[in-house]
Amino acid sequence: MMPHRQAGHASDAHAGQPLALHYCRPDEARRLVAGDGAHVLGEIHFGGWLRDLEGARHPHARVGMTQLDAPPRIELWTSPAPVAYDRVGDIAVAESAELLFGSVSVDPLREPAFEGAVERHYTAILALIEARGYPHLLRMWNYFPGIAKVSASLDRYQHFCRGRYQALADHFGDFDGKLPSASAVGSSDGPLTIYFIAARAPGVHRENPRQMSAYRYPPQYGPRSPSFARATLKRFPQGACLFVSGTASIVGHESRHPGDPAAQLAETLRNLRALIEDTARDTGARFDGLAGVSHLKVYLRDPAFLPLVHAGLDAVIAPGVPRLILRADICRTDLLLEIEALVAEAP
Ligand code: 3EB
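Shown next as structure tokens:
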């Protein structure tokens, strides 16, 4: 399943699961997609288009974030089981027996239209997953340009949060334990892209013992709080995995270590370790702390921080764990980096 990984590595724990993640070179993606062992759920290109997807039926998107490591990788989600493709309005859909992968990639629109568009797309996604019988959101990614641009005294991230909140509140009522894991990060250019994984059977949404739940943040961060969980645990017959949301140098609700990327990285890694260990303790999932991380995606405000990020990660993450490092705008201006992860249960 993971030709770029060495045998015996943490991510082999994903083998046989209803989904696998690959951060792979374009030629590896082509081979995986053409082979008969893997069916594509979705394919995300960061930077430019990395291979020709003209006529592709599976959900795909290009996100305007430069990759800071060479060679560039594609984020490819595959299923060992066959996948059926469809398109419903703006949503490209891939359905396997257990999982639905969807993506929306549209003109980002300017304020004041942006916020309503976010609400509309979220409402459409929620209606789709209900109608198709995959009502349980596991993970959502949100990318759009101009995340710090201010209009009507709110920045675009705050407008995004308001639109998302409206759709999710209409759907769920109260949020406790209902919101999925997510990332929401600023791109340099390109569309508003929302992609997601939903399931027939529920996951377990988790919070971080070192952080206030984002959906309870005080109003200083915006009129509507960010609506996501810190992580979502999903049990498959072959083992559990943990979708870890974008995680930053926030303790409680406050940003820590302004202007100090090394300290922000260390704080972020403490947050990740606490979240993974707390989930393992509470649920019995066999996650081996940071050693169980199978994939990392790092959003970095300034490419100059790249060497210290590599050094900091090398100290705690095994060398074979694929990391995608992207130039991106983080939603709070005092945050210099954010890290998301996939964690696999030990075999
Ligand atoms: C934070 O902890 C940092 O709005 O969906 C991380 C992950 C962050 C997801 C989101 C925001 C989101 O508040 C920012």
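First residue of the sequence shown: 947, per the working numbering; consecutive thereafter.
Yeah, the Cβ is synthetic: ideal placement off N, Cα and C, and Gly gets one too.
*Should residue 1129 be labelled buried (16 or more other beta-carbon atoms within 10 Å of its own) or exposed?*
Its Cβ being crowded by 16 or more others within 10 Å, residue 1129 is buried.
*Only counting runs of 4 or more residues, tell me where the alpha helix (DSSP H) segments fall wholly within the stretch 1086-1130, in order along the chain.*
1102-1118
*asked:* By the DSSP assignment, the alpha helix (DSSP H) with residue 1075 in it spans what residues?
replied: 1059-1078
_For residue 954, three-class secondary structure by DSSP_ = For residue 954, the pLDDT reaches just 37, beneath the cut-off of 50, and the residue's location in the model is therefore unreliable, leaving the point undetermined.
*Short check: CB of residue 1127 to CB of residue 1190, under 8 Å?*
yes
*Is the closest heavy atom of the ligand 3EB to the C-beta of residue 919 under 7 Å?*
There is simply no residue 919 to check, as the chain begins at 947 and stops at 1293 in what is shown.
*State the CB to CB distance for the pair residue 1091 and residue 1133, rounded to an integer number of angstroms; the pair is presumed to be in contact (CB under 8 Å).*
5 Å
*Taking all protein chains shown into account, do 16 or more other C-beta atoms lie within 10 angstroms of the C-beta of residue 988, making it buried, or fewer, making it exposed?*
buried
_residue 990: CB within 7 Å of a non-hydrogen atom of the ligand 3EB_ = No, the ligand 3EB has no heavy atom inside 7 Å of this Cβ.
*So what does residue 1140 bridge to, in DSSP terms?*
1050 and 1088
_Please identify the residue among 1010, 981 and 1023 whose C-alpha is closest to the C-alpha of residue 1135._
Nearest neighbour of residue 1135 by Cα position, chosen from 1010, 981 and 1023, turns out to be 1010.
_Between residue 1196 and the ligand 3EB, is there a pair consisting of the residue's CB and a ligand heavy atom that are separated by less than 7 Å?_
yes
_Run of the alpha helix (DSSP H) containing residue 1222, from where it starts to where it stops_ = Unbroken alpha helix (DSSP H) run through residue 1222: 1207-1229.
*As assigned by DSSP and simplified to three states, the class of residue 1203*: coil
*residue 1198 versus residue 1164 - alpha carbon distance*: 11 Å
_residue 1012 to residue 1254 span [Cα, whole Å]_ = If I take the Cα positions, the gap works out to 18 Å.
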